[in-house]
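One structure is given here, and the rest of the page talks about it.
2 protein chains.
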Amino acid sequence: MLPVKTKQVFDRQRAGGSLSFESGPAPSNIRCLMPDYPFNSTARELPATVPFVGPETQERARGEVFAARLGANENMFGPSPRAIEAMEQAASEVWMYGDPANHDLREALARHHNVAPENIMVGEGIDGMFGTMALLFMEPGACVATSAGGYPTFNYQMAARGGTIETTPFVDDKEDLGGLLDLAARTKARLIYLANPDNPMGTWWDGTAVAEMIDNVPEGSLLCLDEAYIDFAPPDMAPALDVSSSKIIRFRTFSKAYGMAGARIGYVIGEASLIQAFDKVRNHFGVNRIAQAGALAALKDQEFLGGVVKKVAAARTRIAEIGTAHGFSSLPSATNFVTMDCGRDAAFSTAIVQGLANKGVFIRKPFMAPQDRCIRISAGMPKDLDLFEGALTETLAELN
Amino acid sequence: MLPVKTKQVFDRQRAGGSLSFESGPAPSNIRCLMPDYPFNSTARELPATVPFVGPETQERARGEVFAARLGANENMFGPSPRAIEAMEQAASEVWMYGDPANHDLREALARHHNVAPENIMVGEGIDGMFGTMALLFMEPGACVATSAGGYPTFNYQMAARGGTIETTPFVDDKEDLGGLLDLAARTKARLIYLANPDNPMGTWWDGTAVAEMIDNVPEGSLLCLDEAYIDFAPPDMAPALDVSSSKIIRFRTFSKAYGMAGARIGYVIGEASLIQAFDKVRNHFGVNRIAQAGALAALKDQEFLGGVVKKVAAARTRIAEIGTAHGFSSLPSATNFVTMDCGRDAAFSTAIVQGLANKGVFIRKPFMAPQDRCIRISAGMPKDLDLFEGALTETLAELN
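Respectively, the protein sequence lines represent chains A and B. Numbering of the first sequence is given in numbering that gives the first Met the number 0, commencing with residue 0 and proceeding in unit increments. Numbering of the second sequence is given in numbering that gives the first Met the number 0, commencing with residue 0 and proceeding in unit increments.
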């Protein structure tokens, strides 16, 4: 049997509809057709799900590419031209495997964060590194504590390794730090998941609150602090790095502020023996060589990053203004997206997502109640937001 | 406890010395220093190993890059200029995630192999796809059947998911098809691993022999046929593709003949319900967008591929001639490397590998007896092989 909590998460994701954080084709008819492969107990019960259907799949169904791609929190302002140049140059060297130690990038990240290289591990994006964490910590009978409606790929990766997903609700559209700690203590969760700032809501806790949470992580638990969006946030939103703590591991990425989502490169910061444990199970040669070169160049161009962060902030303001003009209130956001409360039920917000898609504008929406009353729009260029504005006006005219 | 067979494999790898297929830093002092993380039972017992130390690590230790990089079976003749151009163009689009369905590449591969897209799954290189297979099939108590001294990363990935590694010896430097089948039947192995042509020996079975093996895969087992090097081999070395069979899944890659090792892109061909099962556990957004573009362009340039295969064949001949001139006999090879019998013990072949490294020539060697009497040289450009020849002459003069 699929662990009950996991099954609920998958079922609710599936119920979210084909344009929110939906799952792939329903698996109900697979097993009767399937030869009797010697799957393990976990794989035997898992659905063939897809945490997020890509916009390309929708585009193929529509027969047309999206005019504005504002659904995956990609960063259309990046990457740095220096990173692009480094990747172009690396293309002809792709006959070589990348350095499995990720040495140069690890050293540069260590300097950037003022920690030792032994406190850094580089991997195939945060999603890939969640997979590595699952290999280290999950097994049937183990569980994780996360928020109901939080980032689903964390759950997906943990379930793939036999873990059970325990959830506590968002409170006032924010992840509930105390609720997560209580849940972890009650369920003996090995891992606690917190995204700060949060995705899909864009809300956050300040560094002091997160530091207090770290102090109260129960014995036998480890906090996975997903800071994918932290580069867009004010500096005081990240608690101080304490790489002596065995209570926390932090996840960072080149996919968001650095504008390199397609490169699949992320990293973790943590206590040295935990970082070393990644070498037990990680795919050592898993990071693309071109991505390594691009990330190194992107990291060095902090000036460009600063410019991106400013442009994203301006885009957030513009998105919120568009929302206001249409009677929607936007949640404050410390990310590169804005989550907008459409003020009605999930059917309404889903209809908006669908209406926008029909007009060539790709956005997504939270998949679980009560957050699913909202839509989520990534910070695009002015031309993208013009398209969003026009399509929203049209869609609401159709729906009203 | 680490399963005994797995432990033997790791121990023997480690015993192979720092320049063969060695492991990373010995883990013996980790656990006493390590905070008590809630690792699962598998991770708790696994060593922090490295299946292959990268040449960059050796270069950093030497303080100098290798003049000839002939140790990792990389393909210095590739990739196609069209693939490089496609990757250069894709660099500026890296702000977008790659298509998680890998649709275009999957369609092109299906046409290329004359199967349906449902019979193809694309992933992060063969190593990454071994990881996915392990997620589907391994758990504590499950085992795989492979050859003693066969490709170690398969074992590494299986052990990371709790699997036990059962082995049967090479016979006459070839993987023993009957021995693998007997071992699988005896141990109820869920997966059988065969590389054809083989790495690290370069030897092979013809398609008829492999087809007969497939017919005799025991009930409850699945054959993982690693055909990473098949593009270098005569066409009749690959048994006919039968995607109705639930006894076999085939692994192919863009890392070798297509010259894109650093891109991390491979694929599997198999029965549709098995392929669909990958969606239960795979990292859907795991493939680099630039790699997707490069692989698609490389696949379309079969003429370039044909030219590479000819150059590699010429390089194999040259390597064998160099061996003969120094009194070594080379094994016949259907790959992009030549394994050379140095006629003495592992200490001698290790000294040669070390001597070559000291002279700026990176090669590797098999890690397990009796294959470890050999050295393994990748098919390089004429200038690389000139360097190999000179360094081998010098090294043997020093050793004799």
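Where a beta carbon is used, it is the ideal one built from N, C-alpha and C, also for glycine. None of these values were measured; they are calculated from a predicted model.
Give the secondary structure of residue i by DSSP, where H, G and I count as helix, E and B as strand, and everything else as coil.
i                      : result
residue 73 of chain A  : coil
residue 254 of chain B : coil
residue 153 of chain A : helix
residue 49 of chain B  : coil
residue 165 of chain B : strand
residue 347 of chain B : helix
residue 242 of chain A : coil
residue 400 of chain B : The question about residue 400 of chain B has no answer, for chain B in this structure spans 0 to 399.
residue 160 of chain B : coil
residue 361 of chain B : strand
residue 20 of chain A  : Low confidence applies to residue 20 of chain A: its pLDDT is 37, below 50, so where it sits in the model is not reliable enough to give any reading.
residue 263 of chain B : coil
residue 340 of chain A : strand
residue 120 of chain A : strand
residue 281 of chain B : coil
residue 90 of chain B  : helix
residue 67 of chain A  : strand
residue 401 of chain B : Because residue 401 of chain B is not part of the residues shown, which for chain B are 0 to 399, the question remains open.
residue 328 of chain B : strand
residue 396 of chain B : helix
residue 105 of chain B : helix
residue 143 of chain A : strand
residue 385 of chain B : helix
residue 110 of chain A : helix
residue 43 of chain B  : helix
residue 272 of chain B : helix
Using only alpha-carbon positions, find the residue among the options that is nearest to residue i.
i                      : options                    : result
residue 51 of chain B  : B:157, B:245, B:363, B:88  : B:363
residue 290 of chain A : B:87, B:217, B:65          : B:87
residue 95 of chain B  : A:69, A:367, A:296         : A:69
residue 383 of chain B : B:326, B:73, B:240         : B:73
residue 312 of chain A : A:381, A:142, A:172, A:130 : A:381
residue 161 of chain A : A:204, A:90, A:261, A:135  : A:135
residue 254 of chain B : B:308, B:220, B:357, B:77  : B:77
residue 395 of chain B : B:367, B:366, B:342        : B:342
residue 195 of chain B : B:233, B:376, B:108        : B:233
residue 326 of chain B : B:151, B:346, B:388        : B:388
residue 358 of chain A : A:365, A:375, A:284, A:386 : A:386
residue 306 of chain B : B:180, B:184, B:89, B:231  : B:231
residue 285 of chain B : B:39, B:229, B:58, B:97    : B:97
residue 368 of chain A : A:147, A:130, A:59, A:67   : A:147
residue 180 of chain A : A:220, A:238, A:265, A:239 : A:220
Can you tell me whether residue i is buried or exposed, with buried defined as 16 or more other CB within 10 angstroms of its CB?
i                      : result
residue 390 of chain B : buried
residue 201 of chain A : buried
residue 105 of chain B : buried
residue 209 of chain A : buried
residue 301 of chain A : exposed
residue 398 of chain B : exposed
residue 293 of chain B : buried
residue 188 of chain A : buried
residue 316 of chain A : exposed
residue 198 of chain B : buried
residue 470 of chain A : A question about residue 470 of chain A goes unanswered here, because the residues of chain A that appear run from 0 up to 399.
residue 270 of chain A : buried
residue 22 of chain A  : The predicted model places residue 22 of chain A with a pLDDT of 38, which falls under 50 and marks its position as unreliable, so this point remains unresolved.
Would you please state the rounded distance, in angstroms, between the beta carbons of residue i and residue j? I believe it to be under 8 Å.
i                      : j                      : result
residue 373 of chain A : residue 338 of chain A : 5 Å
residue 409 of chain A : residue 335 of chain A : Here chain A comprises residues numbered 0 to 399, so residue 409 of chain A is not present and cannot be evaluated.
residue 159 of chain A : residue 133 of chain A : 6 Å
residue 226 of chain B : residue 251 of chain B : 6 Å
residue 174 of chain A : residue 190 of chain A : Not a contact, Cβ separation roughly 15 Å.
residue 268 of chain A : residue 118 of chain A : 6 Å
residue 282 of chain B : residue 127 of chain A : 5 Å
Which residues, taken in chain order from the segment 270-300 of chain B, show a beta carbon closer than 9 Å to some beta carbon of chain A? Hits within the stretch, in order: 270, 271, 272, 273, 275, 276, 277, 278, 279, 280, 281, 282, 283, 284, 285, 286, 287, 288, 289, 290, 291, 293.
Can you list, in chain order, the residues of the segment 44-61 of chain B whose Cβ is nearer than 8 Å to any Cβ on chain A? Within the segment 44-61 of chain B, 45, 46, 47, 48, 49, 50, 51, 52, 53, 55, 56, 59 place their CB atoms closer than 8 Å to a CB of chain A, listed in sequence order.
Give, in chain order, every residue of the segment 128-145 of chain B whose Cβ lies closer than 7 Å to some Cβ of chain A. The segment 128-145 of chain B vs chain A, Cβ under 7 Å: 130, 134, 135, 136, 137, 138, 141.
Can you pull out the residues from the segment 206-225 of chain A whose beta carbon lies closer than 8 Å to at least one beta carbon of chain B? Listed by position, the residues of the segment 206-225 of chain A near chain B (Cβ gap below 8 Å) are 219, 220, 221.
Can you pull out the residues from the segment 233-253 of chain B whose beta carbon lies closer than 7 Å to at least one beta carbon of chain A? Against chain A - using a Cβ distance shorter than 7 Å - the residues of the segment 233-253 of chain B are 245.
Selection of the segment 90-119 of chain A by Cβ proximity to chain B, strictly under 8 Å: Under the 8 Å Cβ criterion, the segment 90-119 of chain A contributes 90, 91, 92, 93, 94, 95, 96, 97, 98, 99, 100, 102.
Residues in the segment 77-89 of chain B having any Cβ partner in chain A nearer than 7 Å: Correct list: 77, 78, 83, 86, 87.
Going along the segment 308-338 of chain B in order, which residues come within less than 9 Å of chain A, judged by CB to CB distance? Taking 9 Å as the Cβ-Cβ cut-off against chain A, none of the residues of the segment 308-338 of chain B qualify.
Which residues of the segment 188-200 of chain B have a Cβ closer than 7 Å to any Cβ of chain A? Give them in chain order. Taking 7 Å as the cut-off between beta carbons, the residues of the segment 188-200 of chain B near chain A are 189, in sequence order.
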